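Participant:
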Amino acid sequence: MKTRKSFHYDALILFLISILFLSCNFSKESKSNELWETLESVPLNPLIEAQIDEMLPKLTLKQKVGQVIQGDTGSITPEEIKEYRLGSVLSGGNSAPGPLPYAESKMWLDMADKYYNASINDDDVEIAIPIIWGIDAVHGHANLKGAIIFPHNIGLGAMNNPDLIEKIAKVTAHELTVSGHDWTFAPTLAVPKDLRWGRSYEGFSENPNIVKSYADRIVVGLQGKFGSDDFMGDGKVISSAKHFLADGATKNGVDQGDALISEEELSKVHAAGYYSAIPAGVQTVMASFSSWNGRKLHGDKELLTEILKGKMGFNGFVVGDWNGHGQVPGCLNTDCAQSLNAGLDMYMAPDSWKGLYESTLQQVKEGVIPIDRLDDAVRRILRVKLISGIFEKGAPSTRANAGNENLLGLPENRKIARQAVRESMVLLKNNNQLLPLDASKKILVVGDGAASISKASGGWTLSWQGTGHSNDEFPNGMSILQGIEEVVNESTACILLEPVQGEGGVVVTNDNRIGKLMKHFIAIHRFHNDEKRKEYCMSPEIKDPPEAKRTVKEWADFACNTNPKAKCRSQWNGDEISFCHWETESAQDILDWFDEIDLKNYMSIELHEQWRFHSYYDQSDKELVYKDY
11 MKTRKSFHYD
21 ALILFLISIL
31 FLSCNFSKES
41 KSNELWETLE
51 SVPLNPLIEA
61 QIDEMLPKLT
71 LKQKVGQVIQ
81 GDTGSITPEE
91 IKEYRLGSVL
101 SGGNSAPGPL
111 PYAESKMWLD
121 MADKYYNASI
131 NDDDVEIAIP
141 IIWGIDAVHG
151 HANLKGAIIF
161 PHNIGLGAMN
171 NPDLIEKIAK
181 VTAHELTVSG
191 HDWTFAPTLA
201 VPKDLRWGRS
211 YEGFSENPNI
221 VKSYADRIVV
231 GLQGKFGSDD
241 FMGDGKVISS
251 AKHFLADGAT
261 KNGVDQGDAL
271 ISEEELSKVH
281 AAGYYSAIPA
291 GVQTVMASFS
301 SWNGRKLHGD
311 KELLTEILKG
321 KMGFNGFVVG
331 DWNGHGQVPG
341 CLNTDCAQSL
351 NAGLDMYMAP
361 DSWKGLYEST
371 LQQVKEGVIP
381 IDRLDDAVRR
391 ILRVKLISGI
401 FEKGAPSTRA
411 NAGNENLLGL
421 PENRKIARQA
431 VRESMVLLKN
441 NNQLLPLDAS
451 KKILVVGDGA
461 ASISKASGGW
471 TLSWQGTGHS
481 NDEFPNGMSI
491 LQGIEEVVNE
501 STACILLEPV
511 QGEGGVVVTN
521 DNRIGKLMKH
531 FIAIHRFHND
541 EKRKEYCMSP
551 EIKDPPEAKR
561 TVKEWADFAC
571 NTNPKAKCRS
581 QWNGDEISFC
591 HWETESAQDI
601 LDWFDEIDLK
611 NYMSIELHEQ
621 WRFHSYYDQS
631 DKELVYKDY
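Sequential numbering from 11 applies to the sequence shown in my numbering.
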């Protein structure tokens with residue numbers, strides 16, 4: 011049994027330990043707080059807050075749950091909008107109305123009216139809440155036929171012109187209202203630090219200062235200046251800063267991967283754009299698919315609630331990315347209380363919305379999701395809807411600019427786009443003052459991207475990946491080749507070599523003045539799988555009698571250098587892919603040889619003809635390049 015003295019001594023020790031523990035925690039918290047800028051929230055409108063106070067008690071529990079869920083127009087009907095009372099719909103990259111991957115304004119408006127009218131139907135409810143309709147207009151309203159498409163963000167960042175970026179955002183918002191959209195998922199405020207990230211083109215710059223200088227100007231261009239009569243008026247749309255946070259810093263550039271960086275880098279570099287977007291009044295923030303040091307952003311309460319909504323003063327609502335909540339540990343696309351509890355206010359559940367609605371409703375009833383958290387999320391959503399004027403604007407087809415296609419591609423707006431194209435181009439060298447173009451000289455234009463608006467425009471253009479579109483699908487567009495033709499023409503006696511599509515997807519030149527075309531081919535090989543790789547390396551030689559086993563490189567040397575009918579000009583062999591440049595009279599000479607040595611059993615083969623250029627693989631830069639032969 012302990013004595014009174016020893017008890018007092020133990021208590022003292024425990025007290026001192028607890029003080030030390032609290033001190034350590036306090037120091038850690040203080041240090042963390044110091045890493046993040048404290049922002050003053052944009053002022054709330056007392057009248058709007060009073061409206062919300064009046065509306066919230068009138069909403070049923072089912073309505074509240076519906077408000078925090080967004081479905082895709084490709085997976086939900088207007089009748090289901092009325093039944094489930096969802097807060098929003100989006101049209102994903104491939105969810106435009108009609109049989110084509112693009113639509114005219116009338117098609118968009120017909121769809122918009124159906125969803126809107128369904129949402130405001132007040133059957134069986136005391137008050138109906140209109141939906142807001144979102145779309146990815148990341149470089150212009152690129153899903154509307156006839157709208158202006160600007161260079162992608164990576165190019166716009168290269169121009170380093172905040173004044174121009176605001177004009178671009180203003181044009182984009184103006185054209186979005188022609189099709190009846192309320193909301194664009196822009197600007198992208200990622201700070202790409204690894205170009206291996208496949209979405210790096212969506213970021214403006216690896217320099218956080220450029221991103222920060224753009225963020226507020228884009229928000230103002232899309233929404234209008236907060237506090238002014240222009241804010242959320244005619245020709246304006248809701249904006250969304252994305253993706254929160256550090257999607258441009260994932261290890262090895264893996265999309266939806268993990269940013270293994272310090273909190274200081276997270277706050278100083280990757281939050282830079284938010285430090286200007288939030289004070290500018292951005293109404294929504296989109297959470298990132300990615301993780302920070304193993305913590306999925308869609309489920310990170312510290313970052314979404316304590317930092318974004320607390321320290322940074324964001325009082326709009328946080329929306330998820332495409333089923334991003336389903337990636338949170340312990341979650342499914344159709345079941346994720348963790349995200350809402352962490353601070354997500356609206357799930358983006360494009361095709362999973364119904365199952366998610368049912369599970370979320372049950373979780374609120376069971377107390378897994380506190381009713382206060384649900385009410386806070388709904389309050390934030392209602393706040394944005396009231397601020398944006400959705401309750402008063404009426405059906406999309408009745409709003410200012412709706413269906414007026416004469417507003418698309420206006421000459422003054424195309425002038426802005428042309429300036430953006432000029433300023434976004436990166437010229438590595440200007441030897442002998444190559445630019446501006448001298449119309450008196452012969453000009454060779456190479457690459458099918460020069461003649462293809464679709465290829466030059468990239469993703470998020472008419473469709474998600476932006477592929478397979480012809481130039482006539484861009485009625486107000488001009489290709490790079492057409493732009494050059496506008497400067498230099500026949501009257502200047504220049505020679506223009508127009509690129510055309512060749513066999514195998516390789517560009518050829520159709521001008522015989524460049525000399526005799528040569529038969530050169532690039533063979534691209536990939537192992538079918540790891541088992542085939544091992545078998546390839548360990549299999550006996552095809553010769554009789556068998557020779558010694560060969561390495562991958564030795565096999566490649568054999569395959570390239572023993573063909574009796576084709577000459578191997580160069581080759582490169584890697585772990586995953588191999589290249590070989592052949593010179594021969596016919597592609598069949600190469601294919602026959604591959605059959606003879608049984609190569610197709612182990613590898614896939616892509617054969618592309620090069621009509622004018624000697625191609626080789628640059629081992630230093632790890633890229634396939636072309637050299638004049």
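Using N, Cα and C, we set each Cβ at its ideal position, and we do this for glycine too. Quantities reported herein were computed from a predicted structural model and do not represent experimental measurements.
Take I587 as the anchor and find which of I137, F537, V78 has the nearest alpha-carbon.
Facilitator: F537
Participant: Please state if the CB of L418 and the CB of E616 are separated by a distance shorter than 8 Å.
Facilitator: Going by C-beta atoms, E616 is not nearer than 8 Å to L418.
Participant: Compute the Euclidean distance between the alpha carbons of L276 and D361, then round it to the nearest angstrom.
Facilitator: Looking at the two C-alpha atoms, the distance is approximately 32 Å.
Participant: Could you tell me which uninterrupted alpha helix (DSSP H) segments, each at least 4 residues in length, are contained entirely in the region 301 to 365, listed from first to last along the chain?
Facilitator: Counting whole runs of 4 or more residues, the region 301 to 365 contains the alpha helix (DSSP H) stretches 347 to 352.
Participant: Would the region 176 to 196 count as touching the region 471 to 483 if we require 3 or more Cβ pairs under 8 Å?
Facilitator: no
Participant: From E619 to H530, what distance separates their C-alpha atoms?
Facilitator: 6 Å
Participant: Per the contact definition of three or more C-beta pairs closer than 8 Å, is the region 422 to 438 in contact with the region 155 to 172?
Facilitator: yes
Participant: Using the Cβ count rule (16 or more neighbours within 10 Å means buried), how would you classify S389?
Facilitator: The sequence shown places Arg at residue 389, not Ser. Counting Cβ neighbours within 10 Å, R389 comes out buried, since at least 16 surround it.
Participant: S272 by DSSP, collapsed to three states: which one?
Facilitator: In the structure shown, S272 falls within a coil segment according to DSSP collapsed to helix, strand and coil.
Participant: Closest by CA to I159, which one among N262, G478, Q492, I463?
Facilitator: I463
Participant: At which residues does the alpha helix (DSSP H) containing Q80 begin and terminate?
Facilitator: Looking at the DSSP string, Q80 is not in any alpha helix (DSSP H); the run it does join, the beta strand (DSSP E), is 79 to 82.
Participant: Mapping DSSP to helix, strand and coil, what is I91?
Facilitator: helix
Participant: Looking at the unbroken alpha helix (DSSP H) that takes in L100, where does it start and where does it end?
Facilitator: From DSSP, L100 is part of no alpha helix (DSSP H) but of the beta strand (DSSP E) over 98 to 101.
Participant: Name the residue from M613, T48, Y224, V148 whose alpha carbon lies nearest to the alpha carbon of G167.
Facilitator: Y224
Participant: How long is the line joining the alpha carbons of K246 and M613, rounded to whole angstroms?
Facilitator: 53 Å
Participant: Within 10 angstroms of the Cβ of C34, are there 16 or more other Cβ atoms? Answer buried if so, exposed if not.
Facilitator: In this prediction, C34 has a pLDDT of 44, which is less than 50 and means its spatial position is unreliable; nothing more can be read from the coordinates.
Participant: Nearest-angstrom Cα distance between A106 and N333?
Facilitator: 19 Å
Participant: Taking the alpha-carbon of V75 as reference, which of I453, N262, G365, A152 has the nearest alpha-carbon?
Facilitator: G365
Participant: DSSP beta-bridge partners for Q581?
Facilitator: C590
Participant: Pop quiz: Y285 and L45 are said to be a contact at Cβ under 8 Å. What is the actual Cβ separation, rounded to whole angstroms?
Facilitator: Not a contact, Cβ separation roughly 12 Å.
Participant: Rounded to a whole number of angstroms, what is the C-alpha to C-alpha distance between P421 and A122?
Facilitator: 28 Å
Participant: Grouping DSSP H, G and I as helix and E and B as strand, with all else coil, what is S238?
Facilitator: coil
Participant: So V201 packs on G258, CB below 8 Å; how close in whole Å?
Facilitator: 5 Å
Participant: Indicate the three-state DSSP secondary structure (helix, strand or coil) for E619 in the structure shown.
Facilitator: strand
Participant: Take the Cβ of Q443 as the centre, count every other Cβ of all protein chains shown within 10 Å, and call the residue buried at 16 or more, exposed below.
Facilitator: Counting every other CB atom within 10 Å of its CB across the protein chains shown gives Q443 a total below 16, marking it as exposed.
Participant: Bridge partners for I534 per DSSP, in chain order?
Facilitator: DSSP lists F589, E616 as the bridge partner or partners of I534.
Participant: For L527, which three-state DSSP category applies?
Facilitator: Because the pLDDT at L527 is just 38, under 50, the model does not fix this residue reliably, and the point stays unresolved.
Participant: What residues in its chain sit with their C-beta under 8 Å from that of K72, if we drop five residues either side in the sequence?
Facilitator: Correct list, in chain order: Y94, R95, L371.
Participant: Which residues share a DSSP beta bridge with T294?
Facilitator: S250, F327
Participant: Provide the residue span of the beta strand (DSSP E) that contains I142, from first to last.
Facilitator: 142 to 145
Participant: Are there three or more Cβ pairs, one per stretch, closer than 8 Å when the region 302 to 315 is compared with the region 333 to 352?
Facilitator: yes
Participant: Given this structure, state the Cα-to-Cα distance separating A347 from V99, to the nearest angstrom.
Facilitator: 21 Å
Participant: Applying the criterion that 16 or more other CB atoms from any shown protein chain within 10 Å of the CB defines a buried residue, is P339 buried or exposed?
Facilitator: Exposed, by the Cβ-count rule.
Participant: Indicate the three-state DSSP secondary structure (helix, strand or coil) for I164 in the structure shown.
Facilitator: helix
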